[in-house]
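Peer 1:
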Amino acid sequence: MTVSTALAETTYKLPLWDGTPPNHKASDLKETVFKRGADHDLDRIAYVQDPTIEVRLPSPQSATGQAVVICPGGGYTVLAYDWEGVDTANYLNAHGIAAIILKYRLPEDASNEVPHLSPLLDTKRALRLTRFHAKDWRIDPKRVGIMGFSAGGHAASTLGTHFDAGDPEAADPVDRLSSRPDFMALIYPVITMDSDFTHGGSRNNLIGKSPSADLIELYSNEKQVSPETPPTFLVHSADDKSVPVQNSLAFYQALLANGVDAEMHLYPYGGHGYSLAIGRGHLSDWPARCVAWMKSLESE
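Just so we're aligned: the sequence shown equals residues 7 to 306 in the working numbering.
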C-alpha cells in the first residue's frame, strides 16, 4: 500500500448535499481561498458556494468511536479553515477521535434565499451525514459531537439548541436521522445576539443590522437552552475583547438552570482566536482538558 493510498482511506472530502443545497440561490459570488495573518500563511475561505465535510479519521487501532464535527470561526464572513479546522482535527485524531471539518455556508444575501438559515441547515446535515456513515468510519452514532470556535461556536450552539429528530418519512435516508449532537465543545464562542454583549460582526452578518426582536431571540442561544440540550464544554478568556466572556457565562448559567451537564474553563488571558493555544502557557492545556472531558462522558 502506498502512502497516498493510506491517506486516501483516512482523509477525504464529501459534498454536504446531493445537488444544489437547500436555501441556495445562484449569484456571481465565487468561493475564494485566501491567505491572512501576520505571515500571510493562514487559509481563510470566503463566499462558500459548495459546502463540504472533510473527514479525517484516526487509525483503526486508535479509534475510540467518538466523532466531532468542527465548525471553524470567522465572524460569519470567512472560515478560519486550517487554524481552527485542520489543526484541531489533527489533534483529535491523535487522541483516537474522528474529526469532520465542516465548510459551512456563510449568510451572504447574494447566495442564500434566507441568509440566516444556511449555517443551521449545514450543521444539521453534517451531523446526520456523520451518523449515516458511522459504520464505514468506525464511529458510534450515539457518540457524535460538535465543536465550534467563535462564530463557529454560535453555529455549533445553534445546532445544540435548534436540532430536530429527523423525518422518518423522508425519501433521503440521511434526513431520517437525528441532528442532535451528543455533546458540544464551544471555544470562545459567540452565543448571544443581544447587543449588550454579542459580537457585532457576527450578529450583523447573520441576522442583519436591523433584525427583528424575534430573530434576536431565536439566535440568542442562551435563551434557547432546554433540558434536551447536549452536555457542553466551554472555554473562554476574561480578556477577550472581540467576543466578551459573558457569552460563555450566560450559556453556562442556562445549562445549569436546565439541568444540563456542563464544564467551563475560564482563563485570565488569551484574548480571542487562539485555536489550540500552542506555546501560550497554561492556556494550551484546554485541548487536553476537552479530550479528557469527552472521554469522561463515557463513564457517566
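Beta carbons: idealized from backbone N, C-alpha and C, even for Gly.
Identify whether D173 lies in helix, strand or coil by the three-state DSSP scheme.
Peer 2: If you number the sequence shown from 1, residue 173 lands on position 167. Of the three classes helix, strand and coil, the one that applies to D173 here is coil, per DSSP.
Peer 1: Span of the alpha helix (DSSP H) holding V297?
Peer 2: Within the sequence shown, the letter at position 291 stands for residue 297. Counting along the chain, the alpha helix (DSSP H) containing V297 begins and ends at W292 to S302.
Peer 1: Alpha carbon to alpha carbon, how far is S216 from W143? Give it in angstroms, no decimals.
Peer 2: Taking the first residue of the sequence shown as position 1, residue 143 is located at position 137. Taking the first residue of the sequence shown as position 1, residue 216 is located at position 210. So the two alpha carbons sit approximately 44 Å from each other.
Peer 1: What did DSSP end up calling F203 once you bin it into helix, strand or coil?
Peer 2: For this step, residue 203 is matched to residue 197 along the sequence shown. Correct three-state label for F203: coil.
Peer 1: Quick check on N99: does DSSP put it in helix, strand or coil?
Peer 2: Along the sequence shown, read from residue 1 onward, the residue named residue 99 stands at position 93. Helix at N99.
Peer 1: Using the Cα positions of R286 and S156, report the straight-line distance between them to the nearest angstrom.
Peer 2: Against the sequence shown, residue 286 aligns to sequence position 280. Against the sequence shown, residue 156 aligns to sequence position 150. R286 and S156: Cα-Cα distance of roughly 18 Å.
Peer 1: Give the single residue among Y273, P113 and F257 whose Cα lies nearest to the Cα of D267.
Peer 2: Counting from one through the sequence shown, the residue named residue 267 turns up at place 261. Of the listed residues, the one whose Cα sits closest to D267 is F257.
Peer 1: Looking only at its chain, what residues have a beta carbon closer than 6 Å to the beta carbon of A260, apart from the 5 residues adjacent to it on each side?
Peer 2: Along the sequence shown, one-based indexing puts residue 260 at 254. Here the set comprises E228 and V231.
Peer 1: Ordered along the chain, which non-local residues of its own chain (more than five positions away) have a Cβ less than 6 Å from that of G91?
Peer 2: Position 85 of the sequence shown, counted from the first residue, corresponds to residue 91. Cβ within range, chain order: I76, P78 and I107.
Peer 1: Report back the beta-carbon spacing between L289 and Y275 to the nearest angstrom; my notes put them in contact at under 8 Å.
Peer 2: Taking the first residue of the sequence shown as position 1, residue 289 is located at position 283. Taking the first residue of the sequence shown as position 1, residue 275 is located at position 269. Indeed they touch by this definition, with Cβ atoms about 7 Å apart.
Peer 1: Could you tell me the alpha carbon to alpha carbon distance between W23 and F138, rounded to whole angstroms?
Peer 2: Within the sequence shown, residue 23 is the residue found at index 17, counting from 1. Within the sequence shown, residue 138 is the residue found at index 132, counting from 1. So the alpha carbons of these two residues sit roughly 13 Å apart.
Peer 1: Could you tell me the distance, in whole angstroms, from the CA atom of D220 to the CA atom of L192?
Peer 2: By 1-based counting over the sequence shown, the position of residue 220 is 214. By 1-based counting over the sequence shown, the position of residue 192 is 186. Approximately 24 Å, taken between the alpha carbons.
Peer 1: By alpha-carbon positions, which one of S117, N99, Q67 and H271 ends up nearest to P28?
Peer 2: Position 22 of the sequence shown, counting from 1, holds the residue named residue 28. Of the listed residues, the one whose Cα sits closest to P28 is S117.
Peer 1: Taking Cβ positions, are D88 and R111 nearer each other than 8 Å?
Peer 2: Position 82 of the sequence shown, counting from 1, holds the residue named residue 88. Position 105 of the sequence shown, counting from 1, holds the residue named residue 111. Their beta carbons are not under 8 Å apart, which means D88 does not touch R111 by this criterion.
Peer 1: Would you report the Cα separation of A104 and G214, rounded to the nearest angstrom?
Peer 2: Here residue 104 corresponds to residue number 98 of the sequence shown, with the count starting at 1. Here residue 214 corresponds to residue number 208 of the sequence shown, with the count starting at 1. Roughly 35 Å between the two C-alpha positions.
Peer 1: Determine the closest residue to V241 out of T26, P250 and P233, with distance taken between C-alpha atoms.
Peer 2: Translated into positions along the sequence shown, residue 241 becomes position 235. Minimum Cα distance to V241 is reached at P250.
Peer 1: In the DSSP assignment, find the unbroken alpha helix (DSSP H) run with F257 in it and report its ends.
Peer 2: The residue you call residue 257 lines up with position 251 of the sequence shown. Unbroken alpha helix (DSSP H) run through F257: Q252 to A263.
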